[in-house]
């Protein structure tokens, strides 16, 4: 049986095309939503004690002190191989280089003589980083949220991650934290950890913004605290991870298949789309998928993901890019001739991988770009994480008396048009004072 | 009776201090929330017909064609005085200057030899602008959302605004739209207009992101469509407008009072806080407030707003700034000696007005900075509108074969640590192909 279902794009109706680019519906699970609301409320009022109860209930472990001790961090660090530490260091170094290059110089400009406007970027003071637990540790996620938080200069960085069954945190996570110099690490996960970050408990101080991916409970909890004015801001809405690969006849079917599989193995809900200008390429990729799939330890997950995958036959690379821009993929991989030129036509995507030597996994781990990206079509309006996500901008204006003289009458005019006397007054009494003090206008 | 309630900051307990900086609770109005959900659902399925019904119901007018015709725009333009047009032009010009200066050059950097990472900024394609109706037109809001949308290069800009009782749009709004060159203007407002922008109707195409302030219904509708993956992104969560003024003994009490009033006149829910280092200044401002208030047409609104205002006596300008940073005001006005130096210590604020000649109203209308700003403490994590709000960034990476050789082993290492075979495979089979083709590694 074929793994990839193929469709000829220009032979499908507009309705079919819309359906082909549809993500699976994310049923807002009413049950999860109500339970998450209950968890948030309970932790908000109950603090550490509620957090302890939920950790016992959901992680099956009793945690006395949520905060990981320095000794535990050191022990975790010592358990990790030098080779893996080296790789973590390389990834951190590249992430630092790319995110440091994003530091914005303050903008200062005179919009009219005597009217100086500025825009300055300032770090968000208190940030919370959520690192999921589960079967394998995710040090890459920690680097992706930790590095920009540090480069931005956030003054309080709190890291939460679910404890393992024995109450410890995986050594690789502690090693990554140690390499980054992060010390405020707490053993809690799930919606209750999001509650702790958003509202604060005795052990875990409240933060202003929460970063990092998680399961359906964590995602729902993040949406709910973002909706609550007393909660916290969040990085991005989240959906299942996804990739769209554009391949022409010149592509390596082997590489294309490997890239599709490296997305499919993430999750049964992962989305995998191949858009190709060549039927032969579609067939060759199918063949490669069959071969490569069987050798993967996570093949059962990948198989389910592939079962809702699609192969779309496009008439040209240009049409392929139109399809991609309409879909707005989290990851876009360009296996085409002149990939850099094609990359210039990307309108909607999270992160783009240009050419045969740029597999998605380099961006997932170590190239320097961020792997926390907009899924589910959110790339139409959202950016992936970057240095900006950990900062906010503040505008400033300073007028000289001469500047106010110049702009004041227009402000008065506009304020009058909006019926706002006091706005007008704040200008006119200043202008009057200038005339009164000096006898003449400036 | 005194208008300003005064408190000596260092004589209040920590609990009192927290209470003094508390915003009034925004009761999530259960009733509004349910009704808004119903409106969104009905417009989503019913399109124009539902939009027409709601417009009849809430705006008391039957609208046949939602789209404003070119003739209507021209007629509105011709009704507006030349003097007001001049002032609109000046404001637009300054906004353009400041927002154009925010255009980011693409970032391209080699994080390690052969690993090139890029970050490019791209306009959000389809944006919706909400301009509130009400007693007076708000051309300033239209300029604040319209100018950056145009500078960003958004390809579809849809403007919605509630019709007046006679089914027309206020001439000043049409004039501002005309000066900006915006042609897609629709006569609808309230939650139903947000629904139209988020989901699309026959007349109003769906957009990716919605901008602009509104009443409680509009705000609730924006939050709900932002929460819905099939909805649209929004600019900012919203709360009542607010100002914090820091004044030392050298300030002009007249100016300080005028600035406090220009905030208080906005809305009965507006927040007004004076932080001063001088008891005499507090008294003088009280005196000025009493005098100036009586002359305002919106004095009844301002009086209610002032009734929940506060004056906080600080020991130093530094302590005053600590208070301000804890409060995170939407607007911060600095009536102090060396205001520019003091401005350098701002950590949390939307927009800052430096010195005696910089009233808030210049930023509200014409200095060039944006007046759509984070309220309600959101300035701790959110920025006001800027060019960035109308764009998203996309990351790119292009590796050479040599670059992949260099970074590949680290990617494999990290993927193995996370148990993701296919991620590792996407790298290793490329590295193998390099060796196989050439006989030797690069």
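Residue numbers (my numbering), protein chains in the order written: chain C, 5 to 446; chain G, 5 to 446.
Every residue, glycine too, gets a C-beta built ideally from N, C-alpha and C.
What you are looking at is a predicted structure, and each value in this text was computed from that prediction instead of being measured.
Taking the beta carbon of residue 341 of chain G as the centre, do at least 16 other beta carbons fall within 10 Å, making it buried, or is it exposed? Around the CB of residue 341 of chain G, fewer than 16 other CB atoms lie within 10 Å, so the residue is classed as exposed.
inquiry  = Can you give me the C-alpha to C-alpha distance between residue 117 of chain G and residue 130 of chain C, rounded to a whole angstrom?
reply    = If you draw a straight line from the Cα of residue 117 of chain G to the Cα of residue 130 of chain C, it is about 35 Å long.
Do we get a CB-CB distance below 7 Å when we pair residue 295 of chain C with the residues of chain G? Residue 295 of chain C does not count as touching chain G.
Neighbouring residues, chain C, relative to residue 422 of chain G (Cβ below 8 Å)
Correct list: 140, 141, 142, 143, 144.
Stretch-stretch touch, CB-based, cutoff 8 Å, three pairs: the segment 311-321 of chain G with the segment 62-73 of chain G: Too few Cβ pairs lie closer than 8 Å, so no.
> Under three-state DSSP, which class holds residue 355 of chain C?
Replying inline: In the structure shown, residue 355 of chain C sits in a strand (DSSP, three-state: E or B).
| query | Taking the C-alpha atoms as reference points, what is the distance between residue 276 of chain G and residue 409 of chain C? | reply | Taking the straight line joining both Cα atoms gives about 26 Å.
* Going along chain G in order, which residues have a C-beta closer than 7 Å to the C-beta of residue 227 of chain C? -> Listed along chain G are 231, each with a C-beta nearer than 7 Å to that of residue 227 of chain C.
For residue 426 of chain G, collect the residues of the same chain with a Cβ closer than 7 Å to its Cβ; drop the 5 residues on either side in sequence, then sort them by chain order. Hits under 7 Å: none found.
Quiz item: To the nearest angstrom, how far is it from the Cα of residue 446 of chain C to the Cα of residue 438 of chain C?
Solution: The pLDDT assigned to residue 446 of chain C is 44, lower than 50, so where the model puts this residue is not dependable, and the model offers no usable value.
Start and end residues, alpha helix (DSSP H) containing residue 375 of chain G: It is not in any alpha helix (DSSP H) - residue 375 of chain G carries neither H nor E in the DSSP assignment.
Could you give the distance in angstroms between the alpha-carbon of residue 196 of chain G and the alpha-carbon of residue 47 of chain G?
The alpha-carbon atoms of residue 196 of chain G and residue 47 of chain G are separated by roughly 7 Å.
Inset, instruction - Specify the secondary structure class of residue 344 of chain C as computed by DSSP and reduced to three states. - result: Looking at residue 344 of chain C - three-state DSSP - the assignment turns out to be helix.
Residue 158 of chain G bridges to which residues according to DSSP?
-> Bridge partners of residue 158 of chain G according to DSSP: none are assigned.
Inset, instruction - Name the residue from G/415, G/399, G/250, G/382 whose alpha carbon lies nearest to the alpha carbon of residue 26 of chain G. - result: Considering only alpha carbons, the answer is G/382.
Quick one, which of G/403, G/414, G/357, G/282 has its alpha-carbon nearest residue 121 of chain C's?
Ranked by how close their Cα comes to the Cα of residue 121 of chain C, the residues G/403, G/414, G/357, G/282 have G/357 in first place.
Requested in this report: Could you tell me which chain G residues have their CB closer than 8 Å to the CB of residue 414 of chain C, listed as they occur along the chain?
Outcome: In chain order: 90, 91, 94, 95, 369, 370.
Q. Under a Cβ-count criterion, where at least 16 other Cβ atoms within 10 Å of its own Cβ denotes burial, should residue 258 of chain C be classed as buried or exposed?
A. The residue is buried, with at least 16 neighbouring Cβ atoms inside 10 Å.
Note to self: If contacts are defined as beta-carbon pairs under 8 Å, then residue 422 of chain C and residue 142 of chain G qualify, I think. What distance do you get, rounded to the angstrom?
What the structure shows: Distance from residue 422 of chain C to residue 142 of chain G at the Cβ level is roughly 6 Å; contact confirmed, criterion being Cβ atoms closer than 8 Å.
Under 8 Å Cβ to Cβ from residue 289 of chain C, same chain only, skipping five residues before and after it: list those, please.
Excluding residues within five positions, the ones whose Cβ falls inside 8 Å are 8, 251, 257, 260, 261, 264, 278, 280, 315.
Hey, residue 362 of chain G and residue 403 of chain C: beta-carbon distance below 7 Å or not? Between residue 362 of chain G and residue 403 of chain C, the C-beta spacing is below 7 Å.
Counting only runs that start and end within the segment 77-147 of chain C, where is the beta strand (DSSP E) found for 3 or more residues in a row?
Within the segment 77-147 of chain C, the complete beta strand (DSSP E) runs of at least 3 residues are 111-116, 119-127, 130-134.
Spatial distance of residue 132 of chain G from residue 211 of chain G (CA atoms): Distance between the alpha carbons of residue 132 of chain G and residue 211 of chain G is about 6 Å.
Pick from C/53, C/335, C/254, C/431 that is closest to residue 360 of chain G, judged by C-alpha positions:
Of C/53, C/335, C/254, C/431, the smallest CA-CA separation from residue 360 of chain G is found for C/431.
*Shortest alpha-carbon distance to residue 54 of chain C belongs to which of C/205, C/156, C/75, C/19?*
For residue 54 of chain C, the closest of C/205, C/156, C/75, C/19 by C-alpha to C-alpha distance is C/205.
Checklist line | Proximity winner among G/89, G/101, G/111, G/268, relative to residue 102 of chain C (alpha-carbon distances) | finding: Closest option to residue 102 of chain C, judged by alpha-carbon separation, among G/89, G/101, G/111, G/268: G/111.
Simplified DSSP assignment, three categories, for residue 3 of chain G:
Absent from the model: residue 3 of chain G. The displayed extent of chain G is 5 to 446, so no value can be given.
Is any beta-carbon of chain C found at less than 7 Å from that of residue 13 of chain G? Proximity of residue 13 of chain G to chain C, defined by a Cβ-Cβ separation below 7 Å, is not satisfied.
- [ ] Please determine, among C/160, C/166, C/157, the residue with the shortest C-alpha to C-alpha distance to residue 140 of chain C.
- [x] Looking at C/160, C/166, C/157, the one whose alpha-carbon comes closest to that of residue 140 of chain C is C/166.
Where residue 455 of chain G sits in the DSSP three-state scheme: The requested residue 455 of chain G does not occur in the structure, where chain G is confined to residues 5 to 446.
Q) Rounded to whole angstroms, how far is the Cβ of residue 336 of chain G from the Cβ of residue 248 of chain G, which I believe are closer than 8 Å? A) That pair is a contact at about 5 Å.
*Report yes or no: is there a C-beta of chain C within less than 7 Å of the C-beta of residue 361 of chain G?*
Residue-level contact by beta carbon holds for residue 361 of chain G and chain C, with a gap shorter than 7 Å.
Open item on the list: Any beta carbon from chain G within less than 7 Å of residue 70 of chain C's own beta carbon?
Closed with: No - not a single Cβ of chain G is within 7 Å of the one on residue 70 of chain C.
### Message
So with CB distances below 7 Å, who are the chain C contacts of residue 417 of chain G?
### Response
Chain-order list of chain C residues neighbouring residue 417 of chain G: 87, 88, 91, by C-beta distance under 7 Å.
With DSSP collapsed to three states, give me the class of residue 230 of chain C.
When DSSP states are grouped into helix, strand and coil, residue 230 of chain C belongs to the helix group.
Excluding five sequence neighbours on each side, which residues of the same chain lie with their C-beta closer than 8 Å to the C-beta of residue 367 of chain G?
If we look at residue 367 of chain G and ignore the five residues flanking it on each side, its Cβ neighbours are 335, 355, 357, 373, 375.
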